[in-house]
């Protein structure tokens, strides 16, 4: 007999002794009661896992259409205070952004973070300033080697919250798609839309 079952039976014997019929029900269904006790830690675990799941801030929709990615990396992002506030308000656009390597570091260019109207007037807010991506040395060396030797491009794919507190950028190491690959993507997208429309109408 499991600990949860024993605990449940003790609770029912102590608190429900004045009601014999209800006590008999609990004893006859001890397995169900134990299952309810055992399910509580799992529910808490799932809730914690959900809270830690990445929350998308913005996506670069052009990235997956223009490029085929062979590797992806998660990078931190060096931000100013006003930028964090704007990001929380969803004032981000990645569609024209790109990544460049310089002096052994990676930088995000042309990512538009629009300042809030309440931003401090004492701070110069440049919406598209160059921002440093935070990667470890091994990752930076790998990116540099593949870009220089094999002609890969580094493309920002999405921006998201990690654990609700840290802004992360997913970057992809890829090469431009051929015209026929893009046509295939369009066909697949159109088919997915049509399929969803048909399923919705049923």
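Residue numbers (the numbering used here): 833 to 1034. The C-beta atom is built at its ideal place from N, Cα and C for all residues, glycine as well. All figures in this text were calculated on a predicted structure; none of them were measured in a lab.
task = Following the continuous beta strand (DSSP E) through residue 981, name the residue where it begins and the one where it ends.
result = Looking at the DSSP string, residue 981 is not in any beta strand (DSSP E); the run it does join, the alpha helix (DSSP H), is 969-982.
task = Kindly indicate which residue of 938, 886, 960 has the alpha-carbon position closest to the one of residue 912.
result = 960 is the residue among 938, 886, 960 whose C-alpha sits nearest the C-alpha of residue 912.
task = Could you tell me if residue 963 is buried or exposed, where buried requires 16 or more neighbouring beta carbons within 10 angstroms of its beta carbon?
result = Here residue 963 is buried. Its C-beta has 16 or more other C-beta atoms within 10 Å.
Cα-Cα separation between residue 922 and residue 972, rounded to whole angstroms = Straight-line Cα distance between these residues: approximately 29 Å.
task = Pull up the CB-CB distance for residue 1001 and residue 965, whole angstroms please, since I reckon it's below 8 Å.
result = About 6 Å separates the two Cβ atoms, so the contact holds.
Rounded straight-line distance, which links the Cα of residue 931 to that of residue 940 = Taken atom to atom, the span from the alpha-carbon of residue 940 to that of residue 931 is near 5 Å.
ask   = Quick one: what does DSSP say residue 1000 is sitting in, helix, strand or coil?
value = Residue state, collapsed to three classes: strand.
key: Test item: CB-CB of residue 1005 and residue 903 under 8 Å   = For residue 1005 and residue 903, yes; Cβs fall inside 8 Å.
message = Helix, strand or coil, according to DSSP, for residue 961 in the structure here?
response = Coil.
request  = Assuming residue 892 contacts residue 990 (C-beta within less than 8 Å), just tell me the rounded distance between them.
outcome  = So it is a contact: roughly 7 Å between Cβ atoms.
ask   = Is DSSP giving residue 903 helix, strand or coil here?
value = Strand.
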